[in-house]
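Peer 1: Sequential numbering of the sequence shown, starting at 406, is according to the numbering used here.
We treat Cβ as the ideally placed atom computed from N, Cα and C, and that holds for glycine.
Values in this document were obtained by computation on a predicted structure and should not be read as measured data.
Mind having a look at this structure? Questions to follow.
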Amino acid sequence: MKSVLAIKTNRMLKTFIYGLTIFTVLFGCNNPNGIAPPPPDVGFIGEPVPVIPFEELLDLVQERTFKYFWDFADPTSGLARERSQSLETLTTGGSGFGISSFPAAINRGWISKDEAIQQLKKILTFLENADTYHGVFSHWYLNTGTTQPFGNKDDGGDIVETAFLIQGLLINRQYFSGNSADEIDIRDRITAIWEDVEWDWYTQGNKSITWHWSTNYEFELNHIISGWNEALIVYVLAASSPTHPIDKETYDNGWARNGDIKNEGTFYGHFLPLGENLGGPLFFAHYSFIGLDPRGLEDQYANYFEQNQAHSLINYEYCIANPKGYAGYSGHSWGLTASDNNTGYAAHSPTNDLGIITPTAALSSFPYTPNESKKALEYFYYNLNQNLWGDYGFYDAFSEHFNWYADGYLAIDQGPIVAMIENYRSQLLWTLFMQDQEIKDGLTKLGFTY
Numbered sequence: 406m407k408s409v410l411a412i413k414t415n416r417m418l419k420t421f422i423y424g425l426t427i428f429t430v431l432f433g434c435n436n437p438n439g440i441a442p443p444p445p446d447v448g449f450i451g452e453p454v455p456v457i458p459f460e461e462l463l464d465l466v467q468e469r470t471f472k473y474f475w476d477f478a479d480p481t482s483g484l485a486r487e488r489s490q491s492l493e494t495l496t497t498g499g500s501g502f503g504i505s506s507f508p509a510a511i512n513r514g515w516i517s518k519d520e521a522i523q524q525l526k527k528i529l530t531f532l533e534n535a536d537t538y539h540g541v542f543s544h545w546y547l548n549t550g551t552t553q554p555f556g557n558k559d560d561g562g563d564i565v566e567t568a569f570l571i572q573g574l575l576i577n578r579q580y581f582s583g584n585s586a587d588e589i590d591i592r593d594r595i596t597a598i599w600e601d602v603e604w605d606w607y608t609q610g611n612k613s614i615t616w617h618w619s620t621n622y623e624f625e626l627n628h629i630i631s632g633w634n635e636a637l638i639v640y641v642l643a644a645s646s647p648t649h650p651i652d653k654e655t656y657d658n659g660w661a662r663n664g665d666i667k668n669e670g671t672f673y674g675h676f677l678p679l680g681e682n683l684g685g686p687l688f689f690a691h692y693s694f695i696g697l698d699p700r701g702l703e704d705q706y707a708n709y710f711e712q713n714q715a716h717s718l719i720n721y722e723y724c725i726a727n728p729k730g731y732a733g734y735s736g737h738s739w740g741l742t743a744s745d746n747n748t749g750y751a752a753h754s755p756t757n758d759l760g761i762i763t764p765t766a767a768l769s770s771f772p773y774t775p776n777e778s779k780k781a782l783e784y785f786y787y788n789l790n791q792n793l794w795g796d797y798g799f800y801d802a803f804s805e806h807f808n809w810y811a812d813g814y815l816a817i818d819q820g821p822i823v824a825m826i827e828n829y830r831s832q833l834l835w836t837l838f839m840q841d842q843e844i845k846d847g848l849t850k851l852g853f854t855y
């Protein structure tokens with residue numbers, strides 16, 4: 406936890422520093438664009454941060470955050486480390502989120518195409534030799550390719566983490582579409598990994614998909630994947646598989662619970678089609694939609710852009726209403742989702758509000774709430790920079806109420822920031838994923854229009 410002494414000292418100078426910043430901004434000193442920082446009633450910590458055009462700020466945040474998956478990647482496997490404080494533990498789903506943004510990194514000039522190809526080859530070699538369970542990868546690995554257990558009886562295949570990984574790989578299979586030997590090799594190897602996943606085997610012969618399987622405990626955890634949560638992509642990929650597909654009945658019964666997935670309530674003036682009251686943690690609106698384009702995506706249960714936008718706006722309005730009275734919550738500082746906190750880790754949400762704001766919540770919602778997310782980004786960067794901004798972007802979470810600021814990063818929180826801001830700006834990842842004919846066929850099978 407960061408020192409509170411520095412924060413308190415800085416706040417003694419708050420009025421003077423902010424006034425100086427306003428003068429500098431409004432009278433043009435080093436700021437030809439005349440862009441004003443957030444207003445003083447939302448707090449200020451640290452030295453004034455030079456104001457830059459908004460598009461440059463998006464560039465900076467994306468590129469700095471991507472470095473977590475590039476500069477800080479495990480050198481042996483190329484995969485992402487689970488968190489910055491744990492060098493040995495590699496994450497499957499978090500790596501999938503990072504891999505998803507390789508095309509954006511190339512297009513925006515952060516890395517070269519050849520560098521991405523070489524890194525992908527390293528990653529694919531690791532995945533081809535890692536422990537798998539009917540083609541399904543584990544939640545965590547050591548860089549030897551050996552499964553690192555995630556928890557009690559969770560020491561085998563994790564089909565949700567695998568789906569996040571496959572989503573990223575398929576985005577790259579579409580992007581590397583050239584006729585060079587390297588690009589053909591990448592496509593072929595991704596296809597082999599994709600076709601190896603036995604989605605149908607994880608149904609246990611029932612009309613639903615089970616989250617975990619272990620050689621030691623088999624299906625003993627018996628966690629059925631049902632919505633609404635982050636795992637829509639599991640059923641979409643399972644229906645799209647050319648080798649081990651599921652049918653629509655499995656989607657309707659397992660994921661949609663034969664219609665019980667619906668909510669259809671109104672919260673803070675926003676109609677919520679699916680899921681729990683007040684929406685739950687915001688990662689539900691991000692993880693499956695790294696590649697899956699929610700714009701115009703609709704089936705018998707929901708319009709998925711409307712679902713994700715309502716979820717994000719409810720989260721935003723909840724933080725403004727701030728029923729628990731936490732210091733620091735506002736329309737500039739909002740976003741509740743799973744992250745580290747001042748006592749450990751939790752899935753923060755309006756129904757589990759512990760006073761913790763997590764930057765990935767608002768920033769990964771840019772496609773749904775561009776104005777609200779912009780306010781949060783500017784507040785995090787300009788007002789909390791000294792305590793929230795580091796080598797790989799924004800630290801994981803913070804609480805002004807408890808004067809607590811994380812000093813580390815989690816891959817599953819950093820990855821969606823890069824990917825979803827890119828989808829907001831260029832729709833690149835959405836475009837690539839939705840061009841995949843197998844994905845189109847799977848969505849059609851499940852009754853989606855898109």
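I think Phe474 touches Ala485, with their Cβ atoms under 8 Å apart; what is that distance to the nearest whole Å?
Peer 2: About 5 Å; that satisfies the 8 Å criterion.
Peer 1: If we ignore side chains and look at the alpha-carbon of each, how far apart do Lys857 and Glu487 end up?
Peer 2: Since the first residue of the chain shown is 406 and the last is 855, residue 857 is not available in this structure.
Peer 1: If you run the structure through DSSP and keep just helix, strand and coil, what is Tyr541?
Peer 2: First, the residue type needs correcting, since residue 541 is Val and not Tyr in the sequence shown. In this structure, Val541 counts as strand in the three-state DSSP scheme.
Peer 1: When you compare each of Pro686, Ala715, Gly501 to Gly674 by their alpha carbons, which one comes out closest?
Peer 2: Ala715
Peer 1: Could you check if Phe459 is buried or exposed, using at least 16 other CB atoms within 10 Å of its CB as the buried criterion?
Peer 2: With fewer than 16 other Cβ atoms within 10 Å, it is exposed.
Peer 1: Would you call the CB atoms of Phe689 and Glu635 closer than 7 Å?
Peer 2: yes
Peer 1: Can you give the Cα-Cα distance for Val639 and Gly451, rounded to whole angstroms?
Peer 2: 43 Å
Peer 1: Closest by CA to Phe624, which one among Gln840, Gly740, Asn611?
Peer 2: Asn611
Peer 1: Please state whether the Cβ-Cβ distance between Ile576 and Gly696 is less than 7 Å.
Peer 2: yes
Peer 1: Whose C-beta lies closer than 6 Å to the C-beta of Arg578 among residues of the same chain, with five residues either side of it excluded?
Peer 2: Arg592, Ile595
Peer 1: Where does Ala535 fall in DSSP's three states?
Peer 2: coil
Peer 1: Rounded C-beta distance between Ala824 and Ser506? I'm assuming under 8 Å.
Peer 2: 5 Å
Peer 1: Less than 6 Å between C-beta atoms, sequence neighbours within five positions excluded: which residues of the same chain meet that for Pro678?
Peer 2: Ala707, Gln712
Peer 1: Under a Cβ-count criterion, where at least 16 other Cβ atoms within 10 Å of its own Cβ denotes burial, should Gly514 be classed as buried or exposed?
Peer 2: Answer is exposed; the Cβ neighbour count stays below 16.
Peer 1: Under the DSSP definition of a beta bridge, which residues are partnered with Leu495?
Peer 2: Arg486, Tyr546
Peer 1: Assuming the contact rule is C-beta atoms closer than 8 Å, Ser613 and Asn658 should be a hit. Round their C-beta distance to whole Å, please.
Peer 2: Rounded, the Cβ-Cβ distance is 6 Å, consistent with contact.
Peer 1: Given a threshold of 16 other Cβ atoms within 10 Å of its Cβ, counted over all protein chains shown, does Phe555 qualify as buried or as exposed?
Peer 2: buried
Peer 1: Check the DSSP bridge columns for Phe676 and list the partner residues they point to.
Peer 2: Thr671
Peer 1: Might you give, ordered along the chain, the residues of its own chain that have their beta carbon closer than 6 Å to the beta carbon of Trp633, omitting 5 neighbours on each side?
Peer 2: Ile666, Leu679, Gly680
Peer 1: DSSP state of Thr615, grouped into three classes?
Peer 2: strand
Peer 1: Is the beta carbon of Gly813 less than 7 Å from the beta carbon of Gln553?
Peer 2: In this structure, Gln553 does not lie closer than 7 Å to Gly813 by Cβ.
Peer 1: Specify whether the region 768-777 and the region 800-814 touch according to this definition: at least 3 beta carbon pairs, one from each stretch, less than 8 Å apart.
Peer 2: No: fewer than three Cβ pairs fall under 8 Å.
Peer 1: Would you mind reading off the limits of the alpha helix (DSSP H) that contains Ala767?
Peer 2: 764-768
Peer 1: When the Cα of Val565 is compared with those of Val466, Ser693, Asn584, which residue comes out closest?
Peer 2: Ser693
Peer 1: Report all residues from its chain with a CB closer than 6 Å to the CB of Tyr786; omit the five preceding and five following residues, and keep chain order.
Peer 2: none
Peer 1: Confirm, please, whether the CB-CB distance from Leu687 to Ala802 is below 7 Å.
Peer 2: no
Peer 1: Taking Gly895 as part of the alpha helix (DSSP H), name the residues at either end of that continuous run.
Peer 2: Outside the displayed span of the chain (406 to 855) sits residue 895, for which this structure offers no information.
Peer 1: Name, in chain order, the residues that DSSP records as bridge partners for Asn757.
Peer 2: Ser754
Peer 1: Ignore the nearest five residues each way along the sequence and tell me which others in Pro764's own chain have a CB closer than 6 Å to its CB.
Peer 2: Phe785, Phe799
Peer 1: Thr671 to Ser770, Cα distance in whole Å?
Peer 2: 20 Å
Peer 1: Pick out whichever of Leu492, Gln609, Asp590, His628 has its Cα sitting closest to the Cα of Asp559.
Peer 2: His628
Peer 1: Determine whether the beta carbon atoms of Ile630 and Trp618 lie at a separation below 7 Å.
Peer 2: no
Peer 1: Relative to the C-alpha of Ala597, which residue among Tyr607, Leu532, Ala509 is closest?
Peer 2: Leu532
Peer 1: Alpha carbon to alpha carbon, what distance is there between Gln609 and Gly562?
Peer 2: 14 Å
Peer 1: Going by other Cβ atoms of all chains shown within 10 Å of its Cβ, with 16 needed for buried, is Leu741 buried or exposed?
Peer 2: buried
Peer 1: Glu722 to Asp818, Cα distance in whole Å?
Peer 2: Cα to Cα, the separation comes out at about 22 Å.
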